[in-house]
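Protein chains in written order, with the working numbering: chain A, 1 to 301; chain B, 1001 to 1335.
Every residue, glycine too, gets a C-beta built ideally from N, C-alpha and C.
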Amino acid sequence: MATATTEVVTAPTTATIPQYKGAELGRSTVQASRSAFAGLLLRDLTVLKKNLKEFLPRTILQPFLLVFVFLYVFPTIGQGIGSGGGVAGESTFATVLVAGVVGLSIMFQGIQAVALPMVQEFGYTREIEDRVLAPMPVSLVSIEKIVSGAIQGLIAALIVFPIAAVVHSKDIHIHLQVHWIQLFVMIPLACIMCSSLGMTFGTRFDPRTVPMLFGVIVIPMTFLGGTYYAWTALSPVKLAGWSWLQTLVLVNPLIYVTEGFRAALTPSHHMHLYVIYPVLIGFCALFLWQGLLGFRRRVLS
Amino acid sequence: MARAVLASDDSDLADVDTHRGGDVIIRTSDLTKVYPGMDRPAVDKLNLEVRRGEIFGLLGPNGAGKTTTAGMLTTMVIPTSGGAVVGGIDVVNQPALAKQAIGVVPQQNTLDRALTVWENLYFHGRFFGMSAGDSRTAADELLEEFHLARWGKAPVMALSGGMAQRLMVARAILHKPEIIFLDEPTAGLDPQSRLALWEILLRLHAGGQTILLTTHYMEEADQLCDRVAIMDHGHILALDTPEGLKAGIEADTIVSLHATGDLTKLARSLSRRRVVTNVVELDGELRVHVKGAADALPAVLETVDKSGSRLNDLTVHEPTLETVFINLTGKELRD
Ligand SMILES: Nc1ncnc2c1ncn2[C@@H]1O[C@H](COP(=O)(O)OP(=O)(O)OP(=O)(O)O)[C@@H](O)[C@H]1O
Ligand SMILES: [Mg+2]
């Protein structure tokens, strides 16, 4: 090393810095943040486009399998759920399920598009450091990540409809009855809530504890999140006169998402909107706060 | 600290002051970081001034507090107390604003693996508010300039360590920041890549770029930096031009010798000689600092002979920044 280094002390006399136009100096933080935020979003969308080969299968497969098994295989082999009520019963279940699958898909995007990448990021790669050094407050960097996760959640939700429309046994009819205003409130609310939940998890788990995240949190959340049943239908599950399951699942944020979509998309019974929306907004605020806090703690020391 | 300020106060002041106008671009005041759960500060009441246009080096061993210092100046580490102004902006209170003025090459590879080599540069430009056109031109020109044009479409994983480091430097300067920070930019690089990177830094320097780099290679500090702060345990032990630092140790030659026998006794006898200014014992080796090289070597040999020790090996070299470091701390820079 020492021998090689002695040769180079010749400082070049001519500067050859390229002559392109650099960033404008002295912009206000608001101005700089706005363009940085747009830049980060553009980066994420570019990456999403590049990774469609991974994004599409992971987004399509789960709703497809759920719909395929419950709405095609089961009715076809004569063990259709709700078949006690004949084809009408099966169709009622199908209607309940579709709203549930929309909610579930959004939640999985929150985990896959935000939580897992963040775990990787803080566990090994530290790639996000360059984005954290973009001229904007650190909290905006995490908000951008949440927004990009929410966009992926939206795409995932939309993908469910064509799948459900096509994949089911021919006797089943899914009764959709769209309340557009509710839908336009539900979609962003659910997408941002799930994406923030992803940020909250992603900044608190590390690569070693990720299996725990799935086994102990995500799986119970999905099974007890009203995907396969309406919350209102849980009251018969009783112990000493107390509908315990119906009460316990209230701590699960996913239940409000699936119920909200049930209300917005179908004529089925659902939890009261006066409960769904305030609680969803509450969870949204809680996870945003915890997500931003977690991100800040992980990138700054 | 007083010592650090004084060190550049006399002989080298003129030299330093004429350097590119010399207005201060980074100033820290009692900058301190205590990490949670640590009992002593990683950086302790640091007072530092970096002048516009200079290459300023923070030289120190592992754990000296170099990364922590760079981290506080680049908004990534929040100081426990004290302040820092970078490019006229208070980094502690206005981190978002300060980020416009700086470019950073962190200690570890932080290239975006989801993007190609070219895209890493292009999107960096977009983050800093450059237009699509300007970002594209900048990415093209920098890839050309840094001899990476051939790799533009490659994923960053395909780059060698040296190329990845060059790309990180290109990315750091792309938005034309006032100051760039490089944290151990050549650690782990092969000698050739190191030379290539030094050349790039010297070229940026020639173009007036202010550069703050941290390193634990004394050759790097010596050959690249206009001024060097020697750091250990969160403190600056000395700060001066490399020449000034070396001149400060009052020796023109260092005689390193391996000998058998009682080294401590030998060291004592050696230090009684007039030509010997200092003797440091390090891992079974004696570093004898001598002044007046002509009659120094015979004097040293004679002393070794008389002490009854047997000489195994002897090398003679000029003082280096490592010598300065050993003189200040009694230990070696590298382990
Ligand atoms: N995030 C952290 N949490 C707790 N302690 C830390 C953290 N980062 C650094 N330290 C401690 O602070 C001290 C200074 O570390 P720093 O990384 O600044 O040193 P350095 O000079 O950059 O060393 P190196 O050559 O190893 O990069 C060390 O004792 C280190 O263990
Ligand atoms: Mg370091």
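- request: Output yes if chain B places a C-beta closer than 7 Å to the C-beta of A/Asp130; else output no.
  value: For the purposes of this step, residue 130 of chain A is taken as the residue at position 130 of the first sequence. Cβ-Cβ to chain B under 7 Å: yes for A/Asp130.
field: heavy atom of ligand 2 below 6 Å from B/Gln1107 C-beta
entry: Numbered from its first residue, the second sequence carries residue 1107 of chain B at position 107. Result yes, Cβ under 6 Å from ligand 2.
- prompt: Using a beta-carbon distance below 7 Å, is B/Arg1126 in contact with chain C?
  reply: No chain C appears in the structure shown, which is made up of the protein chains A and B.
query: Does DSSP put B/Val1104 in a helix, in a strand, or in coil?
result: Indexing the second sequence from 1 puts residue 1104 of chain B at position 104. B/Val1104: strand per DSSP, three-state reduction.
message: Quick check on A/Arg297 - is its C-beta less than 7 Å from some C-beta in chain B?
response: Here the question's residue 297 of chain A lines up with position 297 in the first sequence. No, because no Cβ of chain B sits closer than 7 Å to the Cβ of A/Arg297.
query: Can you find a CB in chain B that lies within less than 7 Å of the CB of A/Glu54?
result: Along the first sequence, read from residue 1 onward, the residue named residue 54 of chain A stands at position 54. For A/Glu54, the answer is no, since every Cβ of chain B falls outside 7 Å of its Cβ.
- prompt: Excluding the five sequence neighbours on either side, which residues of its own chain have a C-beta within less than 7 Å of the C-beta of B/Arg1171, listed in chain order?
  reply: As a first step, residue 1171 of chain B is located in the second sequence; it is residue number 171 there, counting from the start. Cβ within range, chain order: Asn1120, Leu1121, His1124.
field: chain A residues whose Cβ lies nearer than 7 Å to that of B/Pro1106
entry: Taking the first residue of the second sequence as position 1, residue 1106 of chain B is located at position 106. Per Cβ cutoff of 7 Å: Glu129.
message: Using only the alpha-carbon positions, how far apart do B/Gly1129 and B/Leu1189 sit?
response: As a first step, residue 1129 of chain B must be located in the second sequence, where it is residue number 129. As a first step, residue 1189 of chain B must be located in the second sequence, where it is residue number 189. Each residue's alpha carbon lies about 32 Å from the other.
- request: Give the single residue among A/Leu97, A/Thr59, A/Gly22, A/Leu42 whose Cα lies nearest to the Cα of A/Leu265.
  value: The residue labelled residue 265 of chain A in the question sits at position 265 within the first sequence. The candidate whose alpha carbon is nearest that of A/Leu265 is A/Leu97.
message: From the DSSP secondary-structure annotation, give me the bridge partner or partners of B/Pro1191.
response: Locating residue 1191 of chain B in the second sequence gives position 191, counting from the first residue. Paired residue(s): none; B/Pro1191 is not in a bridge.
Cα-Cα separation between B/Ala1096 and B/Gly1088, rounded to whole angstroms: Walking along the second sequence from the start, residue 1096 of chain B turns up at place 96. Walking along the second sequence from the start, residue 1088 of chain B turns up at place 88. So the two alpha carbons sit approximately 13 Å from each other.
message: Please classify B/Trp1151 as buried or exposed, where buried requires at least 16 other C-beta atoms within 10 Å of its C-beta.
response: Working through the second sequence from its first residue, we reach residue 1151 of chain B at position 151. Burial call: buried.
- prompt: Is it the case that the CB of B/Lys1066 approaches a heavy atom of ligand 1 more closely than 6 Å?
  reply: In the second sequence, residue 1066 of chain B corresponds to position 66, counting from 1. Yes, Cβ of B/Lys1066 sits closer than 6 Å to a heavy atom of ligand 1.
task: Can you check DSSP and say which residues form a bridge with A/Trp242?
output: Residue numbering aside, residue 242 of chain A sits at position 242 when the first sequence is read from its first letter. Partner(s): A/Leu239.
field: Contact list for A/Ala113 against chain B, beta-carbon separation under 8 Å
entry: Taking the first residue of the first sequence as position 1, residue 113 of chain A is located at position 113. The premise fails here: A/Ala113 is roughly 13 Å from chain B at the closest Cβ pair, so nothing lies under 8 Å.
message: What residue range does the beta strand (DSSP E) around B/Gly1057 cover?
response: Your numbering for residue 1057 of chain B matches position 57 in the second sequence. 1055-1059 is the extent of the beta strand (DSSP E) around B/Gly1057.
query: Quick one: does the C-beta of B/Asn1120 sit closer than 6 Å to a heavy atom of ligand 1?
result: Counted from its first residue, the second sequence places residue 1120 of chain B at position 120. No, since every heavy atom of ligand 1 falls outside the 6 Å radius drawn around the Cβ of B/Asn1120.
query: Does any residue of chain A bring its CB to less than 7 Å from the CB of B/Asp1134?
result: Here residue 1134 of chain B refers to the residue found at position 134 of the second sequence. Yes, because at least one Cβ of chain A sits closer than 7 Å to the Cβ of B/Asp1134.
- request: May I have the straight-line CA-CA distance separating B/Leu1245 from B/Glu1220, to the nearest angstrom?
  value: Position 245 of the second sequence, counted from the start, is the residue given in the question as residue 1245 of chain B. Position 220 of the second sequence, counted from the start, is the residue given in the question as residue 1220 of chain B. Cα to Cα, the separation comes out at about 14 Å.
field: Opening and closing residue of the alpha helix (DSSP H) in which B/Phe1325 lies
entry: In the second sequence, counting from the first residue as 1, residue 1325 of chain B sits at position 325. First-last of the alpha helix (DSSP H) with B/Phe1325: 1321-1329.
- request: Step through the CB atoms of chain B and report whether any lies within less than 7 Å of the CB of A/Thr256.
  value: Here residue 256 of chain A refers to the residue found at position 256 when the first sequence is read from its first residue. Contrary to the premise, residue 256 of chain A reads as Tyr rather than Thr in this sequence. Output row for A/Tyr256: interface = no.
- request: Quick one: measure Cβ to Cβ for B/His1205 and B/Ile1254, integer angstroms, because I've assumed they're closer than 8 Å.
  value: Reading the second sequence from its first residue, position 205 is the one you call residue 1205 of chain B. Reading the second sequence from its first residue, position 254 is the one you call residue 1254 of chain B. With 8 Å as the limit, B/His1205 and B/Ile1254 do not qualify as a contact, their Cβ atoms being about 29 Å apart.
task: Report, in whole angstroms, the separation of the C-beta atoms of B/Asp1226 and B/Ile1025, which I expect to be a contact under 8 Å.
output: The residue you call residue 1226 of chain B lines up with position 226 of the second sequence. The residue you call residue 1025 of chain B lines up with position 25 of the second sequence. Wrong, their Cβ atoms sit about 13 Å apart, outside the cutoff.
message: Quick check: is any heavy atom of ligand 1 less than 6 Å from the C-beta of B/Ser1081?
response: As a working mapping, residue 1081 of chain B is identified with position 81 in the second sequence. No - ligand 1 has no heavy atom lying nearer than 6 Å to the Cβ of B/Ser1081.
message: Would you call the segment 125-141 of chain A in contact with the segment 207-225 of chain A, where contact means no fewer than 3 C-beta pairs closer than 8 Å?
response: no
field: Contacts that A/Pro137 makes with chain B (C-beta to C-beta distance below 9 Å)
entry: As a first step, residue 137 of chain A must be located in the first sequence, where it is residue number 137. Within chain B, the residues near A/Pro137 are Pro1095, Ala1096.
task: With hydrogens ignored, establish whether the beta-carbon of B/Asn1327 is closer than 6 Å to any heavy atom of ligand 1.
output: If you number the second sequence from 1, residue 1327 of chain B lands on position 327. Checking the Cβ of B/Asn1327 against ligand 1 gives no.
query: Is B/Gly1063 near ligand 1, in the sense that its beta carbon is under 6 Å from a heavy atom of that ligand?
result: Here residue 1063 of chain B refers to the residue found at position 63 of the second sequence. At least one heavy atom of ligand 1 falls within 6 Å of the beta-carbon of B/Gly1063.
query: Who are the neighbours of B/His1175 on chain A, taking C-beta pairs under 8 Å?
result: Looking up residue 1175 of chain B in the second sequence gives position 175. Within chain A, the residues near B/His1175 are Gly22, Ala23.
query: Within 10 angstroms of its Cβ, does B/Lys1306 collect 16 or more other Cβ (buried), or is it exposed?
result: Stepping through the second sequence from its first residue, residue 1306 of chain B is reached at position 306. B/Lys1306 should be labelled exposed.
- prompt: How big is the Cα-Cα spacing for A/Phe261 and A/Ala99?
  reply: Locating residue 261 of chain A in the first sequence gives position 261, where the first residue counts as 1. Locating residue 99 of chain A in the first sequence gives position 99, where the first residue counts as 1. Computed Cα separation, rounded: 5 Å.
query: Where A/Ala4 and B/Trp1198 are concerned, what is the direct C-alpha to C-alpha distance, given to the nearest angstrom?
result: Counting from one through the first sequence, the residue named residue 4 of chain A turns up at place 4. Counting from one through the second sequence, the residue named residue 1198 of chain B turns up at place 198. Low per-residue confidence applies at A/Ala4: pLDDT is 40, beneath 50, and the placement is therefore not dependable, though the value from the model is reported in the following sentence. The alpha-carbon atoms of A/Ala4 and B/Trp1198 are separated by roughly 12 Å.
query: When the distance is taken between beta carbons, is B/Pro1061 closer than 7 Å to B/Leu1031?
result: On the second sequence, position 31 is the one that residue 1031 of chain B refers to. On the second sequence, position 61 is the one that residue 1061 of chain B refers to. For B/Leu1031 and B/Pro1061, no; Cβs fall outside 7 Å.
- request: Compare the beta carbon distance of A/Thr95 and A/Ile174 with 7 Å and say whether it is the shorter of the two.
  value: Within the first sequence, the letter at position 95 stands for residue 95 of chain A. Within the first sequence, the letter at position 174 stands for residue 174 of chain A. Going by C-beta atoms, A/Thr95 is nearer than 7 Å to A/Ile174.
- prompt: Starting from A/Ser169 and walking both ways along the alpha helix (DSSP H), at which residues does that stretch end?
  reply: Taking the first sequence and counting its residues from 1, one reaches residue 169 of chain A at position 169. First-last for A/Ser169: undefined, no H or E at that position.
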